[in-house]
Structures are given as structure tokens and as C-alpha cells.
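Numbering (this note's numbering), first residue to last: 181 to 793.
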């Protein structure tokens with residue numbers, strides 16, 4: 181048996197000790213939920229009759245109570261390409277459940293908003309808090325106590341974390357995440373990026389830009405770049421919550437359909453009335469959370485999970501922080517380069533060997549916990565890829581060698597010895613930087629700050645030529661409490677133009693710039709955020725002024741304002757902009773006011789939950 185890497189062992193042990201009290205309380209609550217009546221057997225006749233009234237041919241089985249009834253929680257809508265395929269899944273799942281003598285019902289639906297549609301728009305201010313809304317919706321769906329297992333249908337950014345956070349409050353139920361897969365590859369990513377940058381420079385028309393975007397995002401399925409959505413799918417595999425190898429199989433294929441069928445069949449085998457009970461509360465433990473972080477680092481995944489993974493962990497009574505990410509990053513090599521960290525997309529990654537190759541490499545090198553409780557049987561099962569043989573589902577071992585070493589490499593020959601996610605700390609607070617797509621000569625930027633309170637102000641200054649110099653672009657009042665911590669992808673082309681002109685440029689923000697951030701160094705999630713908290717204290721970013729020299733350094737782990745201490749102490753904080761109204765943002769004021777810092781997950785809901793448990 182391969183010996184576990186000492187850093188991974190040390191970080192896991194620290195998380196386990198740090199979490200001991202909360203984790204024990206959580207597991208005790210889950211045990212009591214199973215034993216104390218959160219199930220059909222404890223429902224009154226009136227309760228039960230309401231629950232099966234419209235269940236058609238499944239009514240006798242649900243009424244009898246002897247067979248598993250599966251609760252389906254779906255994020256289906258037909259506006260969001262990634263979730264459009266889910267429209268027919270409930271029918272498929274019900275048929276598959278009957279094959280195993282079980283039943284299934286749609287327990288509820290949750291919203292699924294798209295950062296791709298809302299980025300740069302007012303609606304993006306709802307994005308992060310939609311995760312908490314989805315968690316609450318999942319809890320409402322499962323609260324009917326009609327179910328002995330759950331299938332969660334969701335893929336994208338906040339949706340998978342939200343589904344998991346909600347389902348973890350019903351952690352006594354065996355639960356499987358069911359993906360729908362990425363759309364087939366469209367316009368080459370480098371060409372898309374080229375047109376975007378030309379448009380930012382005024383050298384391409386809106387019609388040309390729209391044509392390029394439509395050729396990139398062209399059909400049903402997840403966007404094919406390696407952003408938060410596809411990082412979600414990778415993490416579900418590394419945590420053992422998928423049927424093995426199901427993350428990146430395209431929608432509308434026979435293989436995709438058989439994997440959904442297999443997920444339904446498998447759920448019936450891991451229920452609490454059998455000898456292979458695998459409840460979600462036991463599957464998501466400290467080792468599984470560490471595995472998810474390792475997978476994120478090994479594949480160059482989205483920095484949004486520096487927020488989402490701590491939130492998922494909190495829901496299971498586990499505490500993980502950015503120091504843990506940082507130390508793991510120094511131990512875990514970068515094995516994949518998927519756009520925007522490389523030329524190919526997730527379909528090319530899958531063709532090169534995909535997650536199965538990554539899992540096998542990490543396990544064999546002692547860089548992954550192999551002893552977690554997975555829905556697929558064992559962690560080793562995820563070192564494989566699914567295929568159809570005579571229309572029947574089988575698995576074969578992941579390829580012994582990469583099929584494309586520009587996309588995927590073994591541990592012995594990584595793209596980098598470092599996972600590429602660093603903690604930066606200093607007199608401006610704590611932040612995350614992703615270095616895997618950034619040239620090493622730009623890991624340290626020292627330049628005067630230019631301060632903005634809104635990303636549209638940045639673009640106006642860019643178009644006016646005011647940023648044609650070495651500069652640290654600071655966009656503040658973008659944290660969870662200020663405006664819901666929107667993504668700032670709208671800035672990527674403009675900052676890329678400045679960097680290509682030869683200027684030394686970095687972004688510094690208390691907002692987000694996730695897995696699609698690309699080649700410009702982006703220091704993100706800065707905490708404390710600029711907006712004053714409930715205690716009335718502003719974050720250090722509120723004291724920064726135009727022209728202040730700032731150093732961000734991924735080598736030394738620094739984010740520092742190079743300002744005399746006496747001068748700094750004499751300053752008053754900048755006044756925050758008024759709260760934005762419209763597009764429903766005012767409905768989320770409760771979430772903003774009570775949200776905690778990004779390092780804990782940026783969640784008002786989880787912060788309040790911990791005061792009562």
C-alpha cells in the first residue's frame with residue numbers, strides 16, 4: 181500500500197483535530213435524524229396519503245413502504261445549457277428505479293442561475309447567495325420525510341455546492357450526484373479569446389464577438405472550459421459522490437443514459453436497510469474534503485472553490501481554511517492544463533485520460549486518500565473510465581499513459597510541482613491567487629494602485645487610456661456583504677490587453693475572479709472585505725488610496741500596501757457606495773448584512789446555523 185504524502189497527512193490531521201467537536205455534533209444529529217423519525221415509517225396516514233396521491237403506478241409500492249423511495253432534487257431549466265438535459269431525467273430515473281423494485285419522485289426543484297449569462301450584469305450580485313437559496317430549497321424538498329435516498333441533479337457554479345449543503349442536513353440518506361455532461365467542443369478557445377481581446381481593443385465588432393461566443397456556447401451541456409462548473413464535477417468524482425467516470429460524458433449519448441441508470445441502481449444498493457449502508461454524512465468526511473481540494477489543485481480548477489469547499493465542509497461539521505489549501509498546493513503537482521490554463525477543453529481532457537488518469541496517478545503517488553467511503557465502492561474505482569460493450573455499461577482501467585501530454589501528465593512529469601493556488605497575507609488582509617495560468621515572471625507585481633468601486637469604472641478608465649502603465653487595479657466593495665461578491669470576468673480582456681502591451685498588471689479585489697481568470701495575476705476574495713461589518717469596522721482595503729504602492733507576491737505569499745505605518749493609521753476609510761437596488765437584489769439584503777468572510781464560505785445561512793447547533 182502506498183504511503184500517504186506527509187503534508188497531506190499533516191493537513192488532514194489538523195483539519196480533523198480542528199473539526200472534532202463540530203463533526204461529532206453533526207454526526208450525532210444525523211444519527212438521531214435517522215432513528216427519531218425522519219422517514220416514511222413515522223408519517224401519519226394523512227401525511228403519507230398526501231405524499232403518494234399523484235404517484236400513479238408507483239402508488240402501491242410507496243404506500244406499502246417496503247421499497248426504497250428516491251427523492252430527486254433537480255436544478256432543471258431549459259435556459260441554462262448545462263441543466264437543459266435534466267428535463268427528461270426524472271422519467272429515466274423512475275424507470276431505472278422500478279428495475280430494482282424501488283420508486284422515485286421529484287422531491288423539488290431549485291434555481292440554477294448562470295454566471296455566463298449574468299457576468300458583468302446586475303444579476304450577478306445574486307450569484308453567490310443563490311447557493312444558500314439552493315441549499316434551503318434542497319432542504320425543503322427533502323423535508324417531507326418520504327425518501328430513503330436522494331439523487332441530486334445539478335452541475336454548475338453554486339448549484340452543486342448548494343445541493344450538497346442542503347442534502348448534508350439530511351446526511352442519514354445515501355445520496356448520489358448525477359451529472360449531465362459537457363457540450364461538444366465548439367470554437368477553439370484560443371480563437372474565442374482572440375476575438376474577445378480584439379473587441380476590448382475596439383478592433384472587432386459586436387456582431388463578430390457574438391458570432392464567436394455563439395460558436396463556443398452552441399448546444400446543450402456544460403460550458404467546456406475548466407471553470408467552476410466542471411471543477412464541481414471533478415470534485416464530486418474525487419469525493420466519491422458520482423458513479424465513477426461520469427463527469428465528462430456528453431449529453432444525449434447512450435453512455436450518458438446508462439450512467440444515470442447506474443446511479444439509480446447503485447442508490448438502491450446502499451440504503452440503510454442493507455449491509456452496505458453509505459449515508460452522505462459518512463461519505464463526506466475530512467478525508468473526502470481534502471481529496472476534493474487535492475483534485476482542484478492537481479487539475480488547476482476554479483478558485484471559487486476556495487469559498488465553496490469551506491462552505492460544504494461547514495455543513496458537515498468540518499473546518500477547512502486557506503492555509504490548508506496553500507500547504508496542499510505546495511505538495512500536489514499540476515497534472516492538467518485545461519483552458520484557460522491550456523489550449524484544450526474538458527472534452528480534450530477526457531479524451532487524454534481524464535479524471536480516471538488523475539485519480540490513479542494521485543493514488544499511486546500517495547497524494548490522495550484511498551480509504552474514503554464512496555458511492556462507487558472504493559476510491560480505486562474512480563481510476564477507471566466507463567464504456568459500452570454490446571450496449572452494456574462496463575469500466576476499464578484508465579490509460580497507463582496520457583494520450584496527450586500537452587493536456588495531461590503523470591506525477592513523475594507534471595506541468596508544475598505546485599498546484600498553483602496560494603494564500604497571500606499582509607496588512608491588506610488574506611487573499612487567494614491562482615498561479616497555474618500565470619507566467620512565473622508575473623507572480624510578483626509591485627506597482628501603484630488605481631482604486632475603483634465598480635468594474636464599469638475600470639473599463640471606462642481602460643478605454644480612456646488611463647491604465648496604460650504598470651498598475652495594480654483595485655476593485656473594492658465587491659465582497660459578500662457589499663454586493664454579493666460578483667464575478668469580475670468582464671475585466672479579463674481589458675487587463676489582458678494591458679499585460680500584452682508589456683505593462684506589469686495585477687487585479688486586487690474583495691470580489692471574485694474564478695477558474696476562467698486566465699493569464700493576469702488576480703488577487704481575489706480579499707478578507708476582511710472593504711465594507712464595514714456589523715461591528716462597524718472597515719477592512720484594510722477601504723484605506724487604500726490612488727497611487728499607493730502595492731506589492732502582491734505569490735512567491736512570498738504577500739499582499740501588502742507599502743505605506744508608512746503612521747500615514748496609514750491617520751487615514752479614514754473610504755465611504756462605501758450606496759446599496760444597489762433592482763433585479764431583486766434588495767430581497768437578498770438579509771444575506772448580505774449577515775454574511776461572514778470569504779474564507780469561511782461567505783454565507784449568512786451557515787454563520788447563523790452554527791449559533792443554534
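Here a beta-carbon is modelled for each residue, glycine too, at the ideal position from N, C-alpha and C.
When you compare each of the options to residue i by their alpha carbons, which one comes out closest?
i, options, result
"residue 458", "329, 607 and 277", "329"
"residue 224", "235, 210, 243 and 215", "243"
"residue 350", "360, 365 and 325", "325"
"residue 219", "263, 183, 322 and 269", "322"
"residue 308", "784, 792 and 789", "784"
"residue 580", "608, 604, 712 and 544", "544"
"residue 732", "750, 706, 714 and 751", "706"
"residue 808", "607, 624 and 608", "The displayed coordinates of the chain run from 181 to 793. Any statement about residue 808 would go beyond what the structure contains."
"residue 247", "690, 257 and 448", "448"
"residue 584", "756, 183, 526 and 208", "526"
"residue 787", "341, 638, 362 and 495", "495"
"residue 210", "398, 277 and 452", "452"
"residue 507", "390, 367, 188 and 183", "188"
"residue 519", "372, 728, 205 and 259", "372"
"residue 548", "555, 539, 554 and 207", "539"
Short of 7 angstroms in beta carbon distance, which residues of its chain neighbour residue i, apart from the five on each side in sequence? Order them along the chain.
i, result
"residue 695", "Low local confidence applies: a pLDDT of 49 at residue 695 is under 50, so the model's placement there is unreliable, with the coordinate-based value given in what follows. Counting only Cβ-Cβ distances below 7 angstroms, and skipping sequence neighbours, we find 406, 407, 408, 411, 481, 482, 483 and 484."
"residue 341", "311, 488, 491 and 492"
"residue 532", "582, 583, 584, 587 and 588"
Once you ignore the five residues that flank residue i on each side, which residues in its own chain have a CB closer than 6 angstroms to its CB?
i, result
"residue 693", "668, 702 and 704"
"residue 688", "652, 654 and 703"
"residue 590", "541"
"residue 686", "625, 652, 701 and 732"
"residue 736", "none"
"residue 550", "543 and 559"
"residue 650", "627, 683 and 684"
"residue 723", "751 and 753"
"residue 144", "Within the shown structure, residues of the chain are numbered from 181 to 793, placing residue 144 beyond reach of any answer."
What residue range does the alpha helix (DSSP H) around residue i cover?
i, result
"residue 528", "526–532"
"residue 677", "672–680"
"residue 209", "186–215"
"residue 429", "From DSSP, residue 429 is part of no alpha helix (DSSP H); its letter is neither H nor E."
"residue 654", "Per DSSP, residue 654 belongs to no alpha helix (DSSP H); it is in the beta strand (DSSP E), 651–655."
"residue 790", "Unbroken run through residue 790: none, as it is neither H nor E."
"residue 747", "745–750"
So, under 8 angstroms CB-CB, residue i and residue j are touching, yes? Tell me the CB distance rounded to an integer number of Å.
i, j, result
"residue 468", "residue 505", "At roughly 15 angstroms, the Cβ-Cβ gap does not stay under 8 angstroms, so residue 468 and residue 505 are not in contact."
"residue 498", "residue 195", "7 angstroms"
"residue 657", "residue 711", "6 angstroms"
"residue 430", "residue 401", "6 angstroms"
"residue 460", "residue 347", "6 angstroms"
"residue 676", "residue 699", "6 angstroms"
"residue 392", "residue 334", "So it is not a contact: roughly 28 angstroms between Cβ atoms."
"residue 302", "residue 760", "7 angstroms"
"residue 285", "residue 235", "6 angstroms"
"residue 361", "residue 436", "6 angstroms"
For the beta strand (DSSP E) that residue i lies in, which residues bound it at each end?
i, result
"residue 252", "249–254"
"residue 629", "624–632"
"residue 705", "702–707"
"residue 414", "That residue, residue 414, is in no beta strand (DSSP E); its alpha helix (DSSP H) goes 408–418."
"residue 731", "729–733"
"residue 612", "609–614"
"residue 472", "Where residue 472 is concerned, there is no enclosing beta strand (DSSP E), although the alpha helix (DSSP H) it sits in stretches over 466–479."
"residue 606", "601–606"
"residue 689", "685–689"
"residue 740", "738–741"
To which residues of the same chain is residue i closer than 8 angstroms at the C-beta, ignoring the five residues directly before and after it?
i, result
"residue 221", "245"
"residue 416", "340, 357, 359, 422 and 427"
"residue 738", "604, 605, 606, 731 and 732"
"residue 296", "397 and 403"
So with Cβ pairs under 8 angstroms, would you call residue i a contact of chain C?
i, result
"residue 312", "Here there is only one protein chain, and chain C is not present."
Does the beta carbon of residue i fall short of 7 angstroms from some heavy atom of the ligand MG?
i, result
"residue 212", "You won't find the ligand MG in this model; it holds no ligand whatsoever."
Please go through the region 258–308 and give each complete alpha helix (DSSP H) segment of 4 or more residues, from N-terminal end onward.
Scanning the region 258–308 from its first residue to its last, the whole alpha helix (DSSP H) runs of 4-plus residues come out as 269–279 and 295–298.
Counting only runs that start and end within the region 332–387, where is the beta strand (DSSP E) found for 3 or more residues in a row?
355–358
Hey, which unbroken runs of the beta strand (DSSP E) at 3 residues or more fall wholly within the region 533–586?
564–569 and 572–577
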